[in-house]
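Asks: Chains as they are written, first to last, in our numbering: chain A, 102 to 310; chain B, 4 to 319. Where is the CB? At the ideal position from N, CA and C, for every residue including glycine. Before I ask anything, here is the structure I am working with.
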Amino acid sequence: MNYRKVLTISLTILIGLSALYNAIYFEKLDARKQKELVKKFKPKELVDYFWKNQLSKVLNNAISIELFDSLVKVNPTALAKQYGKTVGISSNYCVLVKGEVNVKMDESGDLIVIDKGNSDYKIVAKFVFSNTARDATGYFNVDDFQNSMDFNAISTEINARIVKDVLSKLASLPANFKVRFAGAIEYSIESVSKSLEIVPLKLEVLKSE
Amino acid sequence: MKQLLSKILLAICIVAFFASCNSSKPKSKDKIAVVISTLNNPWFVVLGETAKQRATELGYEAVIFDSQNNPSKETEHFDNIIASGYKAILFNPTDAKGSVVNVKAAKKAGIPVFCMDREIDAKDVATSQILSDNYSGCVALGQDFVKKLNAKGSYVELLGIVGDNNTWNRSKGFHSVVDNYPNLKMLAQQSGEFDRNKALEVMESMLQSHPNIDAVFCGNDAMAMGAYQAVLAAGKTDKIKIYGFDGAADVVDAIKAGKIEATGMQFPKIMAKTVAEYADKYIKGEHNFQQKVPVAVELVTKENVEKYAPYGKAGK
Numbered sequence: 102m103n104y105r106k107v108l109t110i111s112l113t114i115l116i117g118l119s120a121l122y123n124a125i126y127f128e129k130l131d132a133r134k135q136k137e138l139v140k141k142f143k144p145k146e147l148v149d150y151f152w153k154n155q156l157s158k159v160l161n162n163a164i165s166i167e168l169f170d171s172l173v174k175v176n177p178t179a180l181a182k183q184y185g186k187t188v189g190i191s192s193n194y195c196v197l198v199k200g201e202v203n204v205k206m207d208e209s210g211d212l213i214v215i216d217k218g219n220s221d222y223k224i225v226a227k228f229v230f231s232n233t234a235r236d237a238t239g240y241f242n243v244d245d246f247q248n249s250m251d252f253n254a255i256s257t258e259i260n261a262r263i264v265k266d267v268l269s270k271l272a273s274l275p276a277n278f279k280v281r282f283a284g285a286i287e288y289s290i291e292s293v294s295k296s297l298e299i300v301p302l303k304l305e306v307l308k309s310e
Numbered sequence: 004m005k006q007l008l009s010k011i012l013l014a015i016c017i018v019a020f021f022a023s024c025n026s027s028k029p030k031s032k033d034k035i036a037v038v039i040s041t042l043n044n045p046w047f048v049v050l051g052e053t054a055k056q057r058a059t060e061l062g063y064e065a066v067i068f069d070s071q072n073n074p075s076k077e078t079e080h081f082d083n084i085i086a087s088g089y090k091a092i093l094f095n096p097t098d099a100k101g102s103v104v105n106v107k108a109a110k111k112a113g114i115p116v117f118c119m120d121r122e123i124d125a126k127d128v129a130t131s132q133i134l135s136d137n138y139s140g141c142v143a144l145g146q147d148f149v150k151k152l153n154a155k156g157s158y159v160e161l162l163g164i165v166g167d168n169n170t171w172n173r174s175k176g177f178h179s180v181v182d183n184y185p186n187l188k189m190l191a192q193q194s195g196e197f198d199r200n201k202a203l204e205v206m207e208s209m210l211q212s213h214p215n216i217d218a219v220f221c222g223n224d225a226m227a228m229g230a231y232q233a234v235l236a237a238g239k240t241d242k243i244k245i246y247g248f249d250g251a252a253d254v255v256d257a258i259k260a261g262k263i264e265a266t267g268m269q270f271p272k273i274m275a276k277t278v279a280e281y282a283d284k285y286i287k288g289e290h291n292f293q294q295k296v297p298v299a300v301e302l303v304t305k306e307n308v309e310k311y312a313p314y315g316k317a318g319k
């Protein structure tokens, strides 16, 4: 009799615990907030949230431009494997980079050329196109979005944010100056372009040279 | 001893039975359906034939169904496929929203659907969707467009099918670039329905209404060829630059000949092979796939056309 009673109580506790376990789950607030914004799909709000709360954390993963430069020349595939991000099937990879470099305005006004040894890097300074910034962050998952148009709307918002918050700092500057930056580079592992563009996600003008 | 031998034999038989059940080779009767939006465009013929060929190589009986760009026809195909016991559907939809109901019906019947090239406007309904990165491809085309026109001039745009997400991803990618240049003025924007003859007709009308067109951006290569015919007939091939999207055989040749300015090379063979391989994996028991898999699109111009062949890269 006692045995049956113990068994009944044990089973009841087990069922109760199981129900409780399935009813309660823990989730990071950040992840919860992001899921809600994706679900409602308000691209501007989603990018605002990312920009204010997540961008700094994401940029902690950026590698120095010097490291990027040395790796991309020796083994672009290994660089992509270790630091690169790509969304689907592509030979193009996006990498977050950072550094402090001397720059000068390109004659077109679109780009800034980094005067750094024999390297040929340009920081996009006027317009930002493509998915490079979105994909390099690795923060947005294509599977979370209803369709690819929504996913691309994230790029549009990020690019607009870059123009508004980052590139606006570049107005009325002298011919040569120094910047501290963090940004995204896209390159093809099949054929690395001689001139690589950096899409800045953060940029600080340090001084005039 | 005799009893022990019998038990060992029985154990071997049981193991052999289960091993045959788990065999990785599909049964000869397993069928895969390849449903294509239209076979009236060579690009989709390549997509469908490659999917069929890869499924056949993997040991399936593959059958192509032509929806003739007609959602009702597509629904009829799905009804037949579901009733006929197909194991998987490799699907190129006619309509992003309208095709969702067909995919849901297949899912309800336990048949996995793998979309290729064209997207359905739903999450977690198709098992996976392998799609060209149309937006990025058209950003690259837009940048070339601005460069070749020196950021000034008048242009027209031929859109694809209005209900297809590819139409808008391409148009938005292109406009995300060109709209930043105020001296580039769009005179007209009209659907050519991804169709060569329709594009010819629309372009003829645009040329009559707007005699000062400098360029035309077309949402696919079939429309680019239709636009080229209209421009040729108007005697303006030296003045009007034509842009397409796809990487079809006639446009790759036309770029080499200087008749078309540029196109975005999609890779239909990669998309078709990938969906066939995904379907094979699904049938063999793997059920976790990335929902959306974008495939990169590459800019093809006269400067780099030698690297490319119709529907892909040269030598591949």
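Look at A:V196 and A:A237 and say whether their C-beta atoms are less than 8 Å apart.
Replies: yes
Asks: Taking only beta carbons into account, state which residues of the segment 253-271 of chain A come closer than 8 Å to chain B, listed in chain order.
Replies: N253, S256, T257, N260
Asks: Pull up the CB-CB distance for A:L271 and A:A234, whole angstroms please, since I reckon it's below 8 Å.
Replies: Going by Cβ atoms, the distance from A:L271 to A:A234 rounds to 16 Å, so no, they are not a contact pair.
Asks: For the putative contact between B:T240 and B:V254, defined by C-beta atoms under 8 Å, what is the C-beta separation to the nearest angstrom?
Replies: Contact flag wrong, Cβ pair sits at about 15 Å.
Asks: According to a CB-to-CB cut-off of less than 7 Å, which residues of the segment 171-190 of chain B neighbour chain A?
Replies: W171, N172, K175, S179, V180, N183
Asks: Compare the beta carbon distance of B:K90 and B:K55 with 8 Å and say whether it is the shorter of the two.
Replies: Result no, Cβ atoms of B:K90 and B:K55 do not sit closer than 8 Å.
Asks: Kindly indicate which residue of B:V48, B:E60, B:K155 has the alpha-carbon position closest to the one of B:D217.
Replies: B:K155
Asks: Is any beta-carbon of chain A found at less than 8 Å from that of B:D323?
Replies: Absent from the structure is residue 323 of chain B, since the part of chain B shown begins at 4 and ends at 319.
Asks: Mapping the DSSP letters down to three states, classify A:Y122 as helix, strand or coil.
Replies: helix
Asks: Kindly give me the distance between the Cβ atoms of B:V116 and B:F94, rounded to whole angstroms, as I take these residues to be in contact under 8 Å.
Replies: 5 Å
Asks: Determine the chain C residues that contact A:G284 at a beta-carbon separation under 7 Å, and present them in chain order.
Replies: No chain C appears in the structure shown, which is made up of the protein chains A and B.
Asks: Against chain A, does B:V296 count as a neighbour if the rule is that its beta carbon must be under 8 Å from one of theirs?
Replies: yes
Asks: Under 9 Å, CB to CB, which of the residues in the segment 189-208 of chain A have a partner in chain B?
Replies: Within the segment 189-208 of chain A, those residues whose Cβ lies closer than 9 Å to any Cβ of chain B are, in chain order, G189, I190, S191, S192, N193.
Asks: Taking 8 Å as the threshold (beta carbon to beta carbon), is A:N352 in contact with chain B?
Replies: Limits of chain A in this structure are 102 at one end and 310 at the other, which puts residue 352 of chain A out of reach.
Asks: In the structure shown, what three-state DSSP assignment does B:K295 receive?
Replies: strand
Asks: Which residues in chain B have a C-beta closer than 9 Å to the C-beta of A:V300? List them in chain order.
Replies: Per Cβ cutoff of 9 Å: no residues; A:V300 is ~12 Å from chain B at best.
Asks: In terms of residues, what are the limits of the alpha helix (DSSP H) holding A:I166?
Replies: 166-175
Asks: Looking at the C-beta of A:V173, does it have a partner C-beta in chain B at a distance below 8 Å?
Replies: no
Asks: For A:N123, decide whether its Cβ has a neighbour in chain B, counting only Cβ atoms nearer than 8 Å.
Replies: Taking 8 Å as the CB threshold, A:N123 stays off the interface with chain B.
Asks: For A:A254 and A:G185, I'd like the C-alpha separation in whole angstroms.
Replies: Counting only the Cα atoms, A:G185 lies some 22 Å from A:A254.
Asks: For A:P301, name the three-state secondary structure that DSSP assigns.
Replies: strand
Asks: What separation, rounded to the nearest whole angstrom, lies between the Cα atoms of B:G288 and B:P297?
Replies: 24 Å
Asks: Let me check understanding here. Comparing Cα to Cα, which of B:C221, B:Y281, B:L162 lies closest to B:I263?
Replies: Measuring from the Cα of B:I263, the nearest candidate turns out to be B:C221.
Asks: Could you tell me which residues DSSP puts in a beta bridge with B:F68?
Replies: B:V38
Asks: Between the beta-carbon of B:Q294 and the beta-carbon of A:D221, is there less than 8 Å?
Replies: Contact flag unset, no.
Asks: Using alpha carbons as the reference points, say which of A:I259, A:K303, A:A276 lies closest to A:Y150.
Replies: A:I259
Asks: Anything in chain B within Cβ reach of A:D244, meaning under 8 Å, just list it in chain order.
Replies: K126, Q293, Q294, K295
Asks: Give every residue of the same chain whose Cβ lies closer than 7 Å to the Cβ of B:T78, excluding the five residues on either side of it in the sequence, and list them in chain order.
Replies: N105
Asks: Say whether chain A places a C-beta atom closer than 8 Å to the C-beta of B:Y138.
Replies: yes
Asks: Helix, strand or coil for B:F81 per DSSP?
Replies: helix
Asks: Closer than 9 Å by beta-carbon distance: list the chain B residues that pair up with A:S294, in chain order.
Replies: Those do not exist, as A:S294 stays about 12 Å from chain B at its closest Cβ, beyond 9 Å.
Asks: Under 8 Å Cβ-Cβ, which residues of chain B neighbour A:F228?
Replies: V180, N183
Asks: Is the CB-CB distance between A:G284 and A:L302 below 8 Å?
Replies: For the pair A:G284 and A:L302, the CB atoms are nearer than the 8 Å cut-off.
Asks: If you reduce the DSSP assignment to three classes, tell me which class B:N169 lands in.
Replies: helix
Asks: Counting only runs of 3+ residues fully inside the segment 115-149 of chain B, write out the beta strand (DSSP E) ranges in chain order.
Replies: Entirely contained in the segment 115-149 of chain B, the beta strand (DSSP E) runs reaching 3 residues are, in chain order, 116-119, 131-135.
Asks: Would you call A:T109 buried or exposed, if buried means 16 or more other Cβ atoms sit within 10 Å of its Cβ?
Replies: exposed
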